[in-house]
Structures are given as C-alpha cells and as structure tokens.
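Notes follow once the structure below has been shown.
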Amino acid sequence: GGVDTTTSGFEVPEVKLRARGNAILPYAFPITVCEAHLVTVEQKAAWSNASISFDGISPNAVTPTNPKRFLLMADTGMRVKPSNEKCHAGHELYGVSQCPANITEEEEVCGTGQGSYQALDEWHFATVLDHAFEEQADVVVMAGDYLYRQGVCPEVSNVSCVAINGPPLYSDIKDGKVVNFVPGTWGDNLAGWWADFFYPAINHLRSIPFIAPKGNHEDCSRGGHGYMLLLAEDDYPEGARAGDYCEGYNVGTFHVPFKHEQFLSLDDSLIEPLNQGIDHFNFTEGACPAPRNDSKPWIADAQTRLGDGENETTVLAQIAYYKGVMETLYENSLSHDTNFYVAHRPIFGIACNGDEYATLDWTIQNALQRHTLDRVSGLINGHMHWSEALEFQDNELPAQIVVVLLQAISQ
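Each step along the sequence shown adds one to the number in our numbering, with nothing skipped, and position 369 is 369.
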C-alpha cells in the first residue's frame, strides 16, 4: 500500500513492510503488517486533521492535539488460565504447562477444570469502550495486560467460556479425548489477539488514539510475540517472520506529547517481584484493612528483594537498568510542565497482605532518584486488579492512580 494525501507542502512519510507471517503455530500471524513513522510536525498535523491516509485508511475522526477527556484502562483481557496441575512435566505454551505428547488412556488428561476462568458475558471490554466513545473520550490510555486467554476453557467448568475453544483443531484425538490442543481464539497468535483486543476495540482504534505500554502478560512466555508485532514502539527485525520476534523487554522509554501534557512510559515487565508479587498476596485473611482504634498511621510492611534466595546480582542489575531508564524519563519530562507516567506496575500502590499493608513496586522505588518524578503530576498503572487512588502528604509524591477493567473470575 501507499500514502494518499489531500494536502501538499510536506514530505510524504514512507510506508514500509514491518513483517509478513503465516499460519504456522504456535505464533501464527498470517497477515502482512506495514508501518509508517510520522516524524515531522507537518506529517503529524496531516494525520490529525485526516488529510492524510494510508492506502485509503484514515482515522474516522480528527486526532486531538489538545485532548480534554481521557479513558484510563488496564488488564482488559478475558481471564482464561488453566493450571494443568497434572502436567508440570510437559513444556509450556503461552505460559501454561502442557500435557506431554505421549498421554495414555490410563493417565488423567490435564485441563479438567483447575485454573482461573472468566465467563464471556462477564467480560466487559467492548462495552466500556463503547461507553467511552459515547462520552467522547479523546484518548484511551492503557496500562498493559491485553492478552489473558492463555489456554483452553474446559467444558467441565461451570463458567461459560467454552466458546473460545473453536475452531476445533487438534493434532490427535484418542478414544474421544482431545490430546495436544492447538489454539482456537486464544493464545499468543492472531486469533487470540484478535479475540481479546482487536475485535472489541477495532471500531475505536480508528476513532480514538490509544497509548498502549506493555504489561507483564506481554512478556515473551505469554503474549509478547503479538505485542512486539502489533503494538510495540520497537523496530521489528528486517526479514523476520511475523510472530517470530520477541525481546524480553523494550529498550528505553517512549513518550506521547500533546499540547499541554505528555505521557511518559516504560516497559517494567523485566521485574521479577518479591515472592512472585501481588499475585500471591493474602488480601482477605488478617486484620488489614480493618479500621484502627487509635490515630496511629498505618506503616507499610518493609520489603526487599535482596536476600531470601534472590539472585543479588540480578536484582542489582535490574535496579541499575531502571535507574538509567528513569533518568531518560526525567529528561523527556523537561519539555512539558504537566507529565503523566503510564506503565503497568504501580510504583506506590498499596495492598493488603495478611495483617500488613505492602507497597509496590520495590524495584522501581529503588531505581528512583530524588528528582526523577519532580515534573510528574500523576502515575497511571494497573496490575493490581482493583481501582485505587492515593494522594500523598504535601504532594511530596505524584498522585497514584491504579485502574482496571472490572473482572468476575471463577477459580
């Protein structure tokens, strides 16, 4: 395809091939992806006012340079995660342990209901986007975790998600039992990404700009191949098949400037949180967050990744890496008086863990320097799976906002 323009007086941006794929699993993306970089002010303005299109594709609305209304979202995918507890000896596919190929009829086939499953009628991503469109949101700000369909939905489950299992493609069927599933509308492939993100968002992607940083569900073991192909800021390796490429983390930061404010982002999926992080917190048992009978403030439980079997060299290397990234983020903040930090993991989120409060995220906190967030007004994050808004005494820290697409999950 090429570029069509109704105006003149600027250099027409080049459209180039990003990658071309095929239907070979597990990272099957049988599509051709092209890209064009809008670099100059004139090019960006031409796209914003819809006077430029790419092979006939143009935005349905003018892209705002001075937006007023922002929709904040995170963790939008439909949760389907088998535990496959009987199959830990097998390899992993999309972050889920798989049954070995030599299953016999005497052995129990895995995927018999253990895991975390969400019903289709309790997944409201499309509904929320439709409402945002009706409310005339100017920009959608995501905070990562787009792909949650990591495996098949077992028919023995009482949760209505089995529709995601089609089309019925299998490598073998023995005595009426399916052995060695291959993906239907789930997994890090075009079908999974189409179902979990692009199909519900497709009409709005042409009408509202999306800011889409990476979440931990987009690491290479789960959904990273599709993210690197379809959403990442990074260049794609020349000649690589679509879906083959995935880096453990993106290089550096990216920033999205508007007239009066700017969004600063980074990839924090490299972090290996203490004791597997918030996914293993004890939210419901213990005194927290019961009201206190005195006026003493709550003191967050001290955390550290140093010691307790952690690889100290790895931990210190991650802190050093993020110190450099945060310095770049600070330098990017100098162009605007109002900046918002958007990434997946909350820097100062607070959660209950038994009888204590715990704060997130220890690694990023230790990578901060005194000046890093001086020009940042607010932090927009997800990951915790509930909404939270925190304001700090004397505004010594930016306001912490944790957002989520509400999910009903069956265990």
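Quick reminder that beta carbons are idealized off the backbone N, C-alpha and C, glycines included.
Applying the 10 Å Cβ sphere with the 16-neighbour rule, what's the burial state of residue i?
i, result
"His-62", "In the sequence as displayed, the identity of residue 62 is Val instead of His. By the neighbour-count rule (16 or more Cβ atoms within 10 Å), Val-62 is not buried but exposed."
"Pro-26", "exposed"
"Arg-305", "buried"
"Ala-358", "buried"
"Glu-218", "buried"
"Gly-115", "buried"
"Asn-332", "buried"
"Ala-302", "exposed"
"Phe-392", "exposed"
"Gly-144", "buried"
"His-385", "buried"
"Glu-105", "At Glu-105 the pLDDT is 41, less than 50, meaning the model places this residue with poor confidence and gives no usable figure here."
"Gln-369", "exposed"
"Ala-163", "exposed"
"Ala-414", "For residue 414 there is no data in the structure shown, the boundaries of the chain being 1 and 411."
"Leu-274", "buried"
"Arg-79", "buried"
"Leu-316", "exposed"
"Leu-373", "buried"
"His-336", "buried"
"His-225", "buried"
"Ile-24", "exposed"
"Gly-307", "exposed"
If you draw a straight line from the alpha carbon of residue i to that of residue j, how long is it in whole angstroms?
i, j, result
"Glu-327", "Arg-345", "18 Å"
"Tyr-117", "Val-96", "13 Å"
"Asp-294", "Ile-401", "27 Å"
"Asn-203", "Ala-137", "14 Å"
"Asp-121", "Ala-320", "44 Å"
"Val-109", "Gly-192", "Because Val-109 carries a pLDDT of 46, less than 50, the predicted location of this residue cannot be relied on, and the following value inherits that uncertainty. About 23 Å."
"Ala-119", "Cys-34", "34 Å"
"Cys-352", "Asp-267", "25 Å"
"Glu-272", "Asp-361", "10 Å"
"Ser-221", "Gly-187", "11 Å"
"Leu-129", "Arg-206", "13 Å"
"Asn-282", "Ala-343", "24 Å"
"Glu-134", "Ile-208", "12 Å"
"Tyr-236", "Phe-348", "33 Å"
"Gly-354", "Lys-214", "29 Å"
"Phe-197", "Tyr-146", "6 Å"
"Trp-194", "Thr-185", "8 Å"
"Asn-22", "Lys-16", "19 Å"
"Tyr-41", "Gly-223", "The sequence shown places Val at residue 41, rather than the Tyr named in the question. Going from the Cα of Val-41 to the Cα of Gly-223 covers about 33 Å."
"Cys-153", "Cys-161", "6 Å"
"Tyr-322", "Tyr-199", "34 Å"
"Gly-277", "Asn-216", "12 Å"
"Asn-189", "Lys-259", "37 Å"
"Ala-399", "Phe-340", "10 Å"
"Glu-312", "Gln-318", "10 Å"
"Phe-477", "Ile-364", "Since the first residue of the chain shown is 1 and the last is 411, residue 477 is not available in this structure."
"Leu-390", "Phe-70", "19 Å"
"Ser-83", "His-280", "15 Å"
"Asn-366", "Phe-54", "44 Å"
"His-371", "Ile-380", "19 Å"
"Val-256", "Gln-98", "40 Å"
"Val-178", "Ala-126", "Because the pLDDT at Val-178 is just 44, under 50, the model does not fix this residue reliably, and the value given afterwards should be weighed accordingly. Their backbone Cα atoms lie some 32 Å apart in a straight line."
"Gln-43", "Glu-396", "39 Å"
Since residue i sits in a beta bridge, which residues does DSSP pair it with?
i, result
"Ile-211", "Val-141"
"Gln-400", "Leu-379 and Leu-390"
"Ile-319", "Paired residue(s): none; Ile-319 is not in a bridge."
"Ser-265", "Phe-254 and Val-342"
"Ile-350", "Thr-359"
"Glu-92", "Ser-97"
"Arg-305", "According to DSSP, which records beta bridges pairwise, Arg-305 is partnered with nothing at all."
"Cys-34", "Leu-17"
"Leu-452", "With the chain represented from 1 up to 411, any question about residue 452 goes unanswered, as that position is not in the structure."
"Arg-149", "Val-80"
"Arg-206", "Paired residues: none, contrary to the question."
"Arg-241", "Arg-20"
How about residue i and residue j: do their beta carbons lie closer than 8 Å?
i, j, result
"Gln-239", "Tyr-148", "Residue 239 is actually Gly in this sequence, not Gln. Against a cut-off of 8 Å, the Cβ pair of Tyr-148 and Gly-239 comes out as no contact."
"Asp-75", "Gly-382", "yes"
"Thr-32", "Ser-48", "no"
"Leu-72", "Val-141", "yes"
"Gly-248", "Leu-270", "yes"
"Ala-36", "Arg-241", "no"
"Gly-424", "Lys-81", "No statement about residue 424 is possible, as the shown extent of the chain runs from 1 to 411 and does not include it."
"Leu-231", "Ala-212", "yes"
"Ile-350", "Ala-287", "no"
"Ser-387", "Val-403", "yes"
"Leu-405", "His-131", "no"
"Glu-285", "Thr-338", "no"
"Leu-329", "Leu-264", "yes"
"Phe-10", "Ala-50", "no"
"Leu-38", "Pro-67", "no"
Strictly under 8 Å for the Cβ-Cβ distance: is residue i near chain D by that measure?
i, result
"Thr-304", "Checking the listed chains, one finds no chain D in this structure; it contains a single protein chain."
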